[in-house]
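Asks: Residue numbers (full-length UniProt numbering): 1 to 595.
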């Protein structure tokens, strides 16, 4: 956290009492002596992080439309002069005044800046350019440093976060330890280094941003939090994400789906956030950049979850760029324990947890994307026995007694009467069962909601060894899936990606041949299909028609007009432009909850 100081301040008000800058914690006197520090910290943090409706102020006047900040966004503090700044040789020490010992400094107030942005600038200027309609704008809420508003598009209502920020040059003092990483000698066992010295030099040239959000203490008051701004490095994060391998990208996606499905609905903005997951994975990449095998991704994911749980248990996760900053410091332990519990449950039953979370992903529509993954079929293959998945008729016949003989009727009228009578009996039995269930609900405590027919069977336990029938179904399912992805990749992606998925299908086909020698005929058919696809892809490469598709380069450009020094940022003027170029905000991952 830093303070944003105004270099060319306006006239200092003489009728106001200017407070001193104070950074030490002071016990609060407003709470009762019986209230514990834990309860006080929890209530304080919960109140701050609870989204509150924004107060839209319509009808901007001309003076408000100017880029200058209003006077309410400027706060004054008295700062003690340093020793070399004092000139007391020619003065009598007894006649020293307060002006001789203190300088009056004007700072940009982060709280008032946030109010000005969310109540005036955002609803009157920025929201229209970003595509927010009046209905969603009236429902927008905010917390310090963030505005939550839904955006309507062709897929429905998408939740978005709008974060006001001011650009600054890279803070060398606060990120000194990160900048020194490139100068450390590489470890002997590491094949690859992350980040490299050249990457760090590139990052130094990027901008950071200041978010209007001050530091909040769990215990006691912090009097300067209204003039403090939090440092964020979004450009550096995006830059490092471009070096993520395919396996690392999928790991990031898996953790996000777990968070969106099991953690975020319970903890909202109070607990674990996406930025914590991204920050943690950057530390994991640095620990061993090459230890992300594609064929052992499941094992790697389990190790990642264990490491993440360790950080959560200690309530400590250092920021990747500013190591002294603990990202878990202001999160109540109640919400961290919920995340720890979820990750523990995922470690206990990873397959079904991942299937349920990945099933909530909403895919891009149209012919320019891959077909949705059939999680329902995969779920059926896993929970059913090998013979049941191979021959579904076994399931329907399992409830029929072995000595049962179906009645035969040669008269159609008699057969019709029999069918009607059986349906009548089934209807009566169904009504009796419903009546008994209602009586049980009235007598006993309300039970948990029963899962629907197509729900994921969360209590399923994986067998140590699958039988040959289930192996065949699983391998066939994934081989066909990889072949379909390869076909689509040849249309919308590069030849490298096409060959990558064909190689995955070929590996699984060889496993099928080794595990199930009796299926040599199916193995040959799959290899023949894969060979045809490879020949077609190589033919396109030879003809020069399988180049990577042209994608629009995305780069965020920030002006650089702020300098950092000793946690004080000097601004050349208090002019701040809120012009928007109509860039759509980055959407949150959209989920459809399925029960």
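The beta carbon of each residue, even a glycine, is placed where N, CA and C say it ideally should be. Source: prediction; values computed, not measured.
DSSP three-state call for residue 222: helix, strand or coil?
Replies: What you label residue 222 is simply residue 222 of the chain shown in a count that begins at 1. Here residue 222 sits in coil by DSSP.
Asks: Which residue from 486, 55, 110 puts its Cα closest to that of residue 230?
Replies: Residue numbering aside, residue 230 sits at position 230 when the chain shown is read from its first letter. Ranking 486, 55, 110 by CA distance to the CA of residue 230 puts 110 first.
Asks: Out of 313, 284, 118, 335, which one is the CA nearest neighbour of residue 319?
Replies: Position 319 of the chain shown holds residue 319. Nearest C-alpha to residue 319: 284.
Asks: Judging by CA-CA distance, which residue of 2, 498, 130, 168 is the nearest neighbour of residue 370?
Replies: Taking the first residue of the chain shown as position 1, residue 370 is located at position 370. Per the Cα distances, 498.
Asks: List in chain order: all unbroken alpha helix (DSSP H) runs of 4+ residues lying wholly within the region 504 to 553.
Replies: 520 to 543
Asks: Measuring alpha carbon to alpha carbon, tell me which residue in 496, 472, 482 is nearest residue 517.
Replies: Here residue 517 refers to the residue found at position 517 of the chain shown. It is 472.
Asks: Relative to the C-alpha of residue 524, which residue among 165, 508, 52 is closest?
Replies: The residue you call residue 524 lines up with position 524 of the chain shown. Of the listed residues, the one whose Cα sits closest to residue 524 is 508.
Asks: Between which two residues does the beta strand (DSSP E) harbouring residue 328 extend?
Replies: Locating residue 328 in the chain shown gives position 328, counting from the first residue. Neither: residue 328 is in no beta strand (DSSP E) and is coded neither H nor E.
Asks: Which runs of the beta strand (DSSP E) spanning at least 3 residues fall entirely within the region 122 to 166, listed in chain order?
Replies: 141 to 143, 146 to 153, 156 to 162
Asks: Would DSSP call residue 106 helix, strand or coil?
Replies: Residue mapping note: residue 106 aligns to position 106 of the chain shown, counting from 1. In the three-state reduction of the DSSP assignment, residue 106 falls in the strand class, which pools E and B.
Asks: Does the region 258 to 277 come into contact with the region 156 to 173, if we say contact requires no fewer than three beta-carbon pairs (one atom in each stretch) closer than 8 Å?
Replies: A contact between stretches requires three or more CB pairs, one per stretch, nearer than 8 Å, and the region 258 to 277 fails this requirement with the region 156 to 173.
Asks: How is residue 76 classed by DSSP in three states: helix, strand or coil?
Replies: Against the chain shown, residue 76 aligns to sequence position 76. Correct three-state label for residue 76: strand.
Asks: Report the rounded CA-to-CA distance for residue 70 versus residue 116, giving the unit in angstroms.
Replies: Your numbering for residue 70 matches position 70 in the chain shown. Your numbering for residue 116 matches position 116 in the chain shown. Their backbone Cα atoms lie some 8 Å apart in a straight line.
Asks: In angstroms, rounded to a whole number, what distance separates the CA positions of residue 212 and residue 144?
Replies: Counting from one through the chain shown, the residue named residue 212 turns up at place 212. Counting from one through the chain shown, the residue named residue 144 turns up at place 144. Distance between the alpha carbons of residue 212 and residue 144 is about 7 Å.
Asks: So what's residue 324 in DSSP terms, helix, strand or just coil?
Replies: For this step, residue 324 is matched to residue 324 along the chain shown. Reduced to three states, the DSSP call for residue 324 is coil.
Asks: Would residue 501 pass as a contact of residue 485 if the rule is Cβ separation under 8 Å?
Replies: Here residue 501 is taken as the residue at index 501 of the chain shown, counted from 1. Here residue 485 is taken as the residue at index 485 of the chain shown, counted from 1. Contact check for residue 501 against residue 485 passes: the beta carbons are separated by less than 8 Å.
Asks: With 16 as the cutoff for other CB atoms within 10 Å, does residue 185 come out buried or exposed?
Replies: For the purposes of this step, residue 185 is identified with residue 185 of the chain shown, where counting begins at 1. With fewer than 16 other Cβ atoms within 10 Å, it is exposed.
Asks: Kindly list the residues whose CB is nearer than 8 Å to the CB of residue 527, restricted to its own chain and excluding five residues on each side of it in sequence; keep chain order.
Replies: Numbered from 1 along the chain shown, position 527 holds the residue referred to as residue 527. 506, 509.
Asks: Out of 347, 119, 363, 354, which one is the CA nearest neighbour of residue 309?
Replies: Here residue 309 is taken as the residue at index 309 of the chain shown, counted from 1. Minimum Cα distance to residue 309 is reached at 347.
Asks: Please list the terminal residues of the continuous alpha helix (DSSP H) segment that includes residue 232.
Replies: Taking the first residue of the chain shown as position 1, residue 232 is located at position 232. No alpha helix (DSSP H) contains residue 232, which is instead part of the beta strand (DSSP E) from 228 to 232.
Asks: Pull up the DSSP beta-bridge partners for residue 210, would you.
Replies: For this step, residue 210 is matched to residue 210 along the chain shown. Within the DSSP bridge table, the entry for residue 210 names 166, 231 as partners.
Asks: Touch check for the region 428 to 440 and the region 328 to 337: three-plus C-beta pairs under 8 Å?
Replies: no
Asks: Below 6 Å CB to CB, which residues in the same chain sit around residue 232 once its five sequence neighbours on both sides are set aside?
Replies: As a first step, residue 232 is located in the chain shown; it is residue number 232 there, counting from the start. Result list for residue 232: 209, 211, in chain order.
Asks: Write down the C-beta distance between residue 289 and residue 192 rounded to the nearest angstrom, noting that I regard them as a contact closer than 8 Å.
Replies: Residue mapping note: residue 289 aligns to position 289 of the chain shown, counting from 1. Residue mapping note: residue 192 aligns to position 192 of the chain shown, counting from 1. With 8 Å as the limit, residue 289 and residue 192 qualify as a contact, their Cβ atoms being about 4 Å apart.
Asks: Could you pull the start and end residues of the beta strand (DSSP E) that residue 3 belongs to?
Replies: One-based indexing of the chain shown puts residue 3 at position 3. First-last of the beta strand (DSSP E) with residue 3: 2 to 6.
Asks: For residue 377, which residues from the same chain have a beta carbon less than 7 Å from its beta carbon, with the 5 sequence-adjacent residues on both sides left out?
Replies: As a working note, residue 377 is residue 377 in the chain shown. For residue 377, where only same-chain residues beyond five positions count, the Cβ hits under 7 Å are 477.
Asks: Using the C-alpha atoms, what's the distance from residue 353 back to residue 256?
Replies: The residue given as residue 256 occupies position 256 in the chain shown. The residue given as residue 353 occupies position 353 in the chain shown. Answer to the nearest angstrom: the Cα atoms are 13 Å apart.
Asks: Rounded to whole angstroms, what is the Cα-Cα separation between residue 203 and residue 50?
Replies: As a first step, residue 203 is located in the chain shown; it is residue number 203 there, counting from the start. As a first step, residue 50 is located in the chain shown; it is residue number 50 there, counting from the start. For residue 203 and residue 50, the distance between alpha carbons rounds to 34 Å.
Asks: Measuring alpha carbon to alpha carbon, tell me which residue in 259, 272, 350 is nearest residue 298.
Replies: Taking the first residue of the chain shown as position 1, residue 298 is located at position 298. Of the candidates 259, 272, 350, the one whose C-alpha sits nearest the C-alpha of residue 298 is 350.
Asks: With DSSP as the reference, please indicate the residues paired to residue 52 in a beta bridge.
Replies: Position 52 of the chain shown holds residue 52. According to DSSP, residue pairing for residue 52 in a beta bridge involves 142.
Asks: Leaving out five residues before and five after residue 183 in sequence, what residues of the same chain have Cβ atoms less than 8 Å from its Cβ?
Replies: Counted from its first residue, the chain shown places residue 183 at position 183. Excluding positions up to five away in sequence, the list reads 197.
Asks: Which class does residue 318 belong to by DSSP, given the choice of helix, strand or coil?
Replies: In the chain shown, the residue the question calls residue 318 occupies position 318. Strand, per DSSP.
Asks: Determine the contact status of residue 340 and residue 312, defining contact as a CB-CB distance below 8 Å.
Replies: The sequence position of residue 340 within the chain shown is 340, counting from 1. The sequence position of residue 312 within the chain shown is 312, counting from 1. Taking 8 Å as the Cβ cut-off, residue 340 and residue 312 qualify as a contacting pair.
Asks: Please state whether DSSP places residue 361 in a helix, a strand or coil.
Replies: Counted from its first residue, the chain shown places residue 361 at position 361. Three-state result, residue 361: strand.
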